[in-house]
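As structure tokens, the structure follows; a few thoughts come after it.
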Amino acid sequence: SSSQQKPLYLCSPFVESALVKGNFKTIVMLPKYVDIMEWVAVNIFDFYTNLNEFYGVITEFCTQHHCPTMAAGPTLNYTWINQERKSVQLAAPYYIDYVMTWVENLINDESVFPTKSNQEFHNSFPSTVKHVYRQLLRVFAHIYHAHYPQILHLRSEPHFNSLFAHFLAFGREYELLEMKDVRGSSSSPVGIGALYEKWREMGILEG
Amino acid sequence: SSGSARKADYVYFDRTTAGFSDDAVPKAKGAQLKLEHFYNVAVTAAVERNARRVDLERRLQADGSTSEERKARHLQQLGRKESTFLRLRRTKLGLDDFRTVKVIGKGAFGEVRLVQKKDTGKIYALKSLHKEEMLKKEQLAHVRAERDVLAEADSPWVVQLFYSFQDPINLYLVMEFLPGGDLMTMLIKYDTFSEDVTRFYIAECVLAIQAVHDLGFIHRDIKPDNILIDKDGHIKLSDFGLSTGFHKQHDSNYYQKLLDSSNGVQSPTVATQSSRNSVMVNSINLTMTSKDQIATWKANRRKLAYSTVGTPDYIAPEIFMQKGYGKECDWWSLGAIMFECLIGYPPFCSENTHDTYKKIMQWPQYLLFPNDVHLSREAEDLVRRLITSADRRLTIDQLKQHPFFYGVDWETIRQIESPFIPRLRSMTDTSYFPTDELEQVPEELSQEGGNSSKDLAFLGYTFKRFSVSSHAF
Ligand SMILES: Nc1ncnc2c1ncn2[C@@H]1O[C@H](COP(=O)(O)OP(=O)(O)OP(=O)(O)O)[C@@H](O)[C@H]1O
Numbered sequence: 001s002s003s004q005q006k007p008l009y010l011c012s013p014f015v016e017s018a019l020v021k022g023n024f025k026t027i028v029m030l031p032k033y034v035d036i037m038e039w040v041a042v043n044i045f046d047f048y049t050n051l052n053e054f055y056g057v058i059t060e061f062c063t064q065h066h067c068p069t070m071a072a073g074p075t076l077n078y079t080w081i082n083q084e085r086k087s088v089q090l091a092a093p094y095y096i097d098y099v100m101t102w103v104e105n106l107i108n109d110e111s112v113f114p115t116k117s118n119q120e121f122h123n124s125f126p127s128t129v130k131h132v133y134r135q136l137l138r139v140f141a142h143i144y145h146a147h148y149p150q151i152l153h154l155r156s157e158p159h160f161n162s163l164f165a166h167f168l169a170f171g172r173e174y175e176l177l178e179m180k181d182v183r184g185s186s187s188s189p190v191g192i193g194a195l196y197e198k199w200r201e202m203g204i205l206e207g
Numbered sequence: 001s002s003g004s005a006r007k008a009d010y011v012y013f014d015r016t017t018a019g020f021s022d023d024a025v026p027k028a029k030g031a032q033l034k035l036e037h038f039y040n041v042a043v044t045a046a047v048e049r050n051a052r053r054v055d056l057e058r059r060l061q062a063d064g065s066t067s068e069e070r071k072a073r074h075l076q077q078l079g080r081k082e083s084t085f086l087r088l089r090r091t092k093l094g095l096d097d098f099r100t101v102k103v104i105g106k107g108a109f110g111e112v113r114l115v116q117k118k119d120t121g122k123i124y125a126l127k128s129l130h131k132e133e134m135l136k137k138e139q140l141a142h143v144r145a146e147r148d149v150l151a152e153a154d155s156p157w158v159v160q161l162f163y164s165f166q167d168p169i170n171l172y173l174v175m176e177f178l179p180g181g182d183l184m185t186m187l188i189k190y191d192t193f194s195e196d197v198t199r200f201y202i203a204e205c206v207l208a209i210q211a212v213h214d215l216g217f218i219h220r221d222i223k224p225d226n227i228l229i230d231k232d233g234h235i236k237l238s239d240f241g242l243s244t245g246f247h248k249q250h251d252s253n254y255y256q257k258l259l260d261s262s263n264g265v266q267s268p269t270v271a272t273q274s275s276r277n278s279v280m281v282n283s284i285n286l287t288m289t290s291k292d293q294i295a296t297w298k299a300n301r302r303k304l305a306y307s308t309v310g311t312p313d314y315i316a317p318e319i320f321m322q323k324g325y326g327k328e329c330d331w332w333s334l335g336a337i338m339f340e341c342l343i344g345y346p347p348f349c350s351e352n353t354h355d356t357y358k359k360i361m362q363w364p365q366y367l368l369f370p371n372d373v374h375l376s377r378e379a380e381d382l383v384r385r386l387i388t389s390a391d392r393r394l395t396i397d398q399l400k401q402h403p404f405f406y407g408v409d410w411e412t413i414r415q416i417e418s419p420f421i422p423r424l425r426s427m428t429d430t431s432y433f434p435t436d437e438l439e440q441v442p443e444e445l446s447q448e449g450g451n452s453s454k455d456l457a458f459l460g461y462t463f464k465r466f467s468v469s470s471h472a473f
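Line order of the protein sequences matches chains B and S.
In this text, residue positions in the first sequence follow this note's numbering: the first is 1, and each later residue adds one.
In this text, residue positions in the second sequence follow this note's numbering: the first is 1, and each later residue adds one.
Printed below as a string of structure tokens:
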């Protein structure tokens with residue numbers, strides 16, 4: 001049947017399900033006079049924290065057995081660049097564990113995410129954040145592709161959808177989001193690419 | 001049509017949590033609650049931030065005398081403040097960031113410590129509240145109330161809260177440290193105050209209570225322990241909706257039992273007996289000099305302050321009746337405190353809380369002024385107009401006009417010299433606190449153990465003050 005081909009997250013009523021109604025603009029826009037670095041930093045911090053909560057909920061299903069690859073579409077598996085700069089296939093739980101540990105360490109690194117009052121952001125902060133954003137996007141993509149039924153069983157789809165829509169809106173606003181990362185290539189499309197388009201049609205995301 | 005398009009897309013999904021581990025559902029619920037809280041806060045913060053900016057922009061626009069350049073600087077300054085505030089949100093403050101100098105107070109759920117923030121060297125009072133104890137006693141609503149009031153208030157009459165955080169065991173409030181101790185300690189030291197001194201403290205309390213009421217809150221448990229003294233000898237109120245007097249009593253079952261035992265069983269014969277009882281108590285008051293009364297009261301006072309049951313001595317009768325109450329209840333408490341300042345013990349003090357409770361309920365019989373203490377007519381009259389039924393109690397305007405306050409300048413009282421100015425040798429001088437009596441308390445707080453499901457109940461507790469003033473972290 002058609003529902004078999006179509007992922008659940010694209011189907012009604014789940015695709016419309018949202019915790020936060022309306023436009024994300026109020027909470028995405030840079031507040032006037034505020035330092036953009038601080039704004040991006042605290043938001044990335046929050047995205048990481050909130051995503052981690054939800055990943056924690058479905059982690060019992062994200063096992064080496066269930067998810068032998070970091071899949072985000074029928075023909076797409078992300079690869080991890082290891083220390084020898086080789087791209088390797090990792091089971092999703094390992095991949096995600098690497099990502100989350102790496103991000104956590106960055107966030108706790110005073111020279112990357114400064115918290116002391118006289119400490120400035122490093123010039124490389126924007127590019128670091130872009131890397132972080134890209135990896136977090138992959139975690140979202142994997143959860144949508146591989147674990148959406150579990151999200152539904154746990155009645156968490158309004159929450160998870162809103163978190164992701166907010167994440168996308170934020171990425172657009174601060175040019176952290178690369179369209180190619182959302183869509184993937186024609187031979188291996190990213191599942192969430194279709195979701196992105198759908199939300200745009202529905203007006204949940206802007207242009 | 002779009003209706004049929006929708007239909008084509010529509011799927012039915014059978015939800016089940018079979019196959020999930022036992023903690024999956026609570027964990028999911030937890031994640032959902034946290035996210036809901038997150039978005040609520042995010043929206044509120046955006047609205048408030050916007051209001052601060054619009055407010056400043058408006059004020060600057062209306063100000064003709066300031067140069068454009070200076071105005072721009074003002075706006076940039078606001079931006080810096082807001083940015084620092086955002087940074088504070090990423091800052092994880094924990095117990096590790098503070099060093100205990102001394103335990104300075106004890107309450108029902110934990111202690112109050114004088115602490116120093118390790119990196120800045122700044123001094124604060126750190127209050128810890130034991131989560132499990134609070135859950136047992138259903139104190140959640142109260143914590144929220146305390147957090148909210150302290151957080152919102154920016155009044156010289158209210159103790160400032162800068163920060164709060166939690167670990168699996170405790171909640172923590174980081175407050176400004178008031179080095180002068182509290183009114184309870186002062187009363188233990190001096191027995192009674194002269195009418196002039198009493199006038200000063202009670203007048204300041206009137207303004208402080210008014211400030212709390214103006215914030216839209218009822219304190220409900222004003223007592224000498226919660227009246228703190230700042231470095232200049234002026235008072236500030238702490239502890240909103242979270243005081244020993246209230247913990248146990250707040251439990252409605254507890255009150256109901258008390259009510260039953262005092263009224264419910266009252267057959268006509270018991271009623272006559274109870275009036276005989278009052279005679280007996282009267283005679284105690286007469287035979288015991290007020291000096292003896294003071295001594296007994298003082299001997300027990302601290303124990304009462306530290307116990308979970310606490311002292312109901314200052315609580316208005318209508319609160320016990322559970323039929324609703326208004327801000328008048330705070331003026332009753334003030335009357336009881338004023339009585340204590342002048343006489344040396346609160347008007348309904350008894351051997352045990354149950355008797356105190358009974359006396360409060362039958363206050364017309366038990367409000368007695370001892371013969372061996374001389375009070376001015378005005379003082380006695382004011383007490384009687386506060387310790388009276390709620391509908392007869394003086395209102396704030398009537399209070400300020402009362403002859404007892406003759407000569408009080410309500411506008412400037414906080415600026416005039418206080419009758420007792422603490423003599424402090426250093427920033428961390430704790431000589432105004434009963435630190436010897438608190439020695440049993442371990443110096444360092446432990447933070448091991450606990451389970452995280454408790455944390456959810458305290459969701460939203462963590463607070464960071466938007467104040468990047470001199471006191472910021
Ligand atoms: N900000 C402060 N500065 C100095 N001392 C304080 C401060 N806050 C509290 N104390 C001291 O600690 C004592 C206990 O504080 P507090 O009454 O807030 O504790 P508590 O745990 O809430 O007790 P309770 O709930 O029974 O009132 C006070 O009586 C006072 O002596």
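Ideal Cβ placement from N, Cα and C applies to all residues, glycine included.
Since this is a predicted model, take the numbers as computed values, not measurements.
Residue environment analysis places H142(B) among the buried positions, since at least 16 neighbouring C-beta atoms fall within 10 angstroms of its C-beta.
When N170(S), L187(S) and L161(S) are compared, the shortest CA-CA separation from S238(S) is found for L161(S). Taken in chain order, the members of the stretch 58–84 of chain S whose beta-carbon sits within less than 8 angstroms of a beta-carbon on chain B are L75, Q76, L78, G79, R80, E82, S83 and T84.
Distance from the C-beta of A299(S) to the nearest heavy atom of ligand 1 is not below 7 angstroms. If only complete runs of 3 or more residues are kept, the stretch 64–108 of chain S shows the beta strand (DSSP E) at 98–106, in order along the chain. The residue from W332(S), E351(S), D372(S) and I104(S) with its alpha-carbon nearest to that of W363(S) is W332(S). Of all residues in the stretch 131–163 of chain B, the ones placed with a Cβ closer than 9 angstroms to any Cβ belonging to chain S are P149, Q150, I151, L152, H153, L154, R155, S156, P158, H159, F160, S162 and L163, in chain order. Proximity of L171(S) to chain B, defined by a Cβ-Cβ separation below 8 angstroms, is not satisfied.
Ranked by Cα distance from F193(S), the first of R113(S), F420(S) and R377(S) is F420(S).
The DSSP assignment places complete alpha helix (DSSP H) segments of no fewer than 4 residues inside the stretch 393–438 of chain S at 396–401, in order along the chain. By DSSP's assignment, Y10(S) forms a beta bridge with S12(B). Judged by DSSP in its simplified three-state form, N52(B) adopts helix. With a cutoff of 7 angstroms, G216(S) does not count as near ligand 1, since its C-beta is closer than that to no heavy atom of the ligand. Close to P13(B), with beta-carbon spacing below 8 angstroms, are these residues of chain S in chain order: Y10.
In this structure, the straight-line span from the alpha carbon of P13(B) to that of S185(B) is close to 28 angstroms. By the Cβ neighbour-count rule, G171(B) is buried, with 16 or more other Cβ atoms within 10 Å of its own. Between A203(S) and I413(S), the beta carbon gap of about 6 angstroms places them in contact (Cβ cut-off 8 angstroms). Rounded to the nearest angstrom, the Cβ distance from P31(B) to R49(S) is 5 angstroms, consistent with a contact under 8 angstroms. Boundaries of the beta strand (DSSP E) harbouring Y78(B): L76 to I81, taken from the DSSP string. When C-alpha distances from F20(S) are compared across F61(B), F47(B) and I204(B), the shortest belongs to F61(B). Interface residue (Cβ-Cβ distance to chain B less than 8 angstroms): A28(S) is classified as such.
Counting C-beta pairs closer than 8 angstroms gives fewer than three between the stretch 106–120 of chain B and the stretch 15–33 of chain B, which falls short of the contact rule. Per DSSP, the unbroken alpha helix (DSSP H) holding F167(B) starts and ends at E157 to E173.
Within the stretch 24–53 of chain S, the residues whose Cβ lies closer than 9 angstroms to some Cβ of chain B are A24, V25, K27, A28, K29, G30, A31, Q32, K34, L35, E36, F38, Y39, A42, V43, A45, A46, V47, R49, N50 and R53, listed in chain order.
Contact annotation: the stretch 130–145 of chain B touches the stretch 65–79 of chain B, with at least three C-beta pairs closer than 8 angstroms.
Within chain B, the residues E38 and T115 have their CB atoms less than 7 angstroms from the CB of R87(S), given in chain order. 8 angstroms or more divides the Cβ of L86(S) from the Cβ of K71(S). The beta carbon of L438(S) sits no closer than 7 angstroms to any heavy atom of ligand 1.
Going by C-alpha positions, V43(S) is about 6 angstroms away from I27(B). Shortest gap from the CB of I319(S) to any heavy atom of ligand 1: 7 angstroms or more. By the Cβ test, the stretch 148–157 of chain B is in contact with the stretch 25–35 of chain S, since at least three Cβ pairs between them sit closer than 8 angstroms.
Each residue's CA atom was taken as its position, placing D9(S) and A92(B) some 29 angstroms apart. The Cβ of D181(B) sits no closer than 8 angstroms to any Cβ of chain S.
Taking C-beta separations shorter than 6 angstroms and ignoring five residues to either side along the sequence, the partners of Y325(S) in its chain run E318 and I319, following chain order.
Secondary-structure assignment with DSSP links K236(S) through a beta bridge to L228(S). Listed in chain order, the non-local C-beta contacts of K327(S) below 7 angstroms within the same chain comprise H213 and I218, local neighbours out to five positions each way being set aside.
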